[in-house]
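Residues in the sequence shown are numbered from 1 upward in steps of one, following the UniProt record's numbering.
All C-beta atoms in this analysis are idealised placements derived from N, C-alpha and C, irrespective of residue type, glycine included.
This structure is a prediction, so every number in the text was calculated from the model and none was measured.
Structure record follows, encoded as structure tokens.
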Amino acid sequence: MASVKEGNTKKARMHYGNKSIQVEEDITKSELEEKKTIFMEKNYNLELSHIKEIEKHTKLQITSASWMDERKKRLTASNFGLVYKRNPKIPVTPLVNSLLYSTFKGNKATRLGLREERVTIQEYIQQKAKQKVKVKVENMGLVVDEEVQFLGASPDGKVIDEHNNLGLIEIKNVLHNKEMT
Numbered sequence: 001m002a003s004v005k006e007g008n009t010k011k012a013r014m015h016y017g018n019k020s021i022q023v024e025e026d027i028t029k030s031e032l033e034e035k036k037t038i039f040m041e042k043n044y045n046l047e048l049s050h051i052k053e054i055e056k057h058t059k060l061q062i063t064s065a066s067w068m069d070e071r072k073k074r075l076t077a078s079n080f081g082l083v084y085k086r087n088p089k090i091p092v093t094p095l096v097n098s099l100l101y102s103t104f105k106g107n108k109a110t111r112l113g114l115r116e117e118r119v120t121i122q123e124y125i126q127q128k129a130k131q132k133v134k135v136k137v138e139n140m141g142l143v144v145d146e147e148v149q150f151l152g153a154s155p156d157g158k159v160i161d162e163h164n165n166l167g168l169i170e171i172k173n174v175l176h177n178k179e180m181t
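Structure below.
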């Protein structure tokens with residue numbers, strides 16, 4: 001890690017001069033600590049009723065401004081893989097920037113997935129019916145962990161069977177003519 005940092009520093013000095021690597025504080029450490037405390041209190045010290053309201057008001061998911069806003073404040077299930085599989089030899093800054101400042105609004109694959117989601121859920125319900133299991137699937141919004149409130153997930157649905165057993169469903173549609181495994 002030090003060699004990467006030193007290499008970048010030498011390159012910066014060579015191209016832009018010694019002053020190019022000078023770092024100036026935006027705010028003092030005490031100001032940063034105060035801002036962090038305020039942010040943590042406001043966003044991760046929520047009453048159960050507020051957590052339930054977040055889930056209720058974000059059921060439209062990607063089309064909901066509230067869903068986007070609340071997700072930005074949390075490490076979500078969608079990001080767990082990125083964090084877990086991160087190569088420790090690569091600087092963490094790009095990952096942090098993508099988690100905090102991503103402007104990703106979807107692509108062809110995600111738009112197709114969203115379009116086909118309801119159809120796939122109906123197919124799931126029909127498949128369960130063939131197995132003599134009656135289920136219904138309800139939309140879900142952002143589910144914030146009650147204990148660790150910086151964690152969240154947006155399942156594609158809550159599955160409820162005829163005995164009121166609960167489960168979650170996450171849809172991943174296969175693109176093009178790829179074979180299912």
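Is residue i helix, strand or coil when you go by DSSP?
{"i": "THR37", "result": "helix"}
{"i": "GLY167", "result": "strand"}
{"i": "LYS136", "result": "strand"}
{"i": "SER64", "result": "coil"}
{"i": "ASN43", "result": "helix"}
{"i": "GLU53", "result": "helix"}
{"i": "LYS29", "result": "helix"}
{"i": "VAL4", "result": "Legend: pLDDT at VAL4 = 47, less than 50; position of this residue unreliable, value from coordinates given subsequently. Note: VAL4 maps to helix in three-state DSSP."}
For residue i, which residues from the same chain have a beta carbon less than 8 Å from its beta carbon, with the 5 sequence-adjacent residues on both sides left out?
{"i": "GLU117", "result": "ASP156, ILE171 and ASN173"}
{"i": "GLU70", "result": "ILE54, THR58, LEU142, VAL144 and GLY152"}
{"i": "MET68", "result": "ILE62"}
{"i": "LYS56", "result": "GLY141"}
{"i": "ILE125", "result": "VAL135, LYS136 and VAL137"}
{"i": "residue 192", "result": "For the chain, the structure presents residues 1 to 181; residue 192 sits outside this window and is missing."}
{"i": "THR120", "result": "ILE171 and ASN173"}
{"i": "ARG86", "result": "VAL92 and LEU95"}
Taking residue i as the reference, give the member of the options with the closest Cα.
{"i": "PHE80", "options": "LEU114, LEU99 and GLU31", "result": "LEU99"}
{"i": "ASP161", "options": "LYS132, SER64 and GLU146", "result": "LYS132"}
{"i": "LEU48", "options": "HIS163, VAL159 and GLU147", "result": "GLU147"}
{"i": "LYS136", "options": "ARG115, THR28 and LEU168", "result": "LEU168"}
{"i": "ALA65", "options": "ASN45, ILE121, LYS105 and ALA129", "result": "LYS105"}
Whose C-beta lies closer than 6 Å to the C-beta of residue i among residues of the same chain, with five residues either side of it excluded?
{"i": "LEU60", "result": "none"}
{"i": "ASN43", "result": "LYS73"}
Can you find the residues in the same chain that come closer than 7 Å, C-beta to C-beta, to residue i, ignoring five residues on each side of it along the sequence?
{"i": "LEU82", "result": "LEU95"}
{"i": "ASN45", "result": "none"}
{"i": "ILE51", "result": "VAL144 and GLU146"}
Checklist entry - Between the stretch 66 to 79 and the stretch 141 to 156, do at least 3 Cβ pairs fall closer than 8 Å? => result yes
Item to check | the stretch 136 to 146 touching the stretch 86 to 96, judged by at least three CB pairs closer than 8 Å | outcome: no
Item to check | Within the UniProt domain "YqaJ viral recombinase" (67 to 175), ranges of the beta strand (DSSP E) (whole runs, at least 3 residues) | outcome: 135 to 138, 151 to 153, 157 to 161 and 166 to 169
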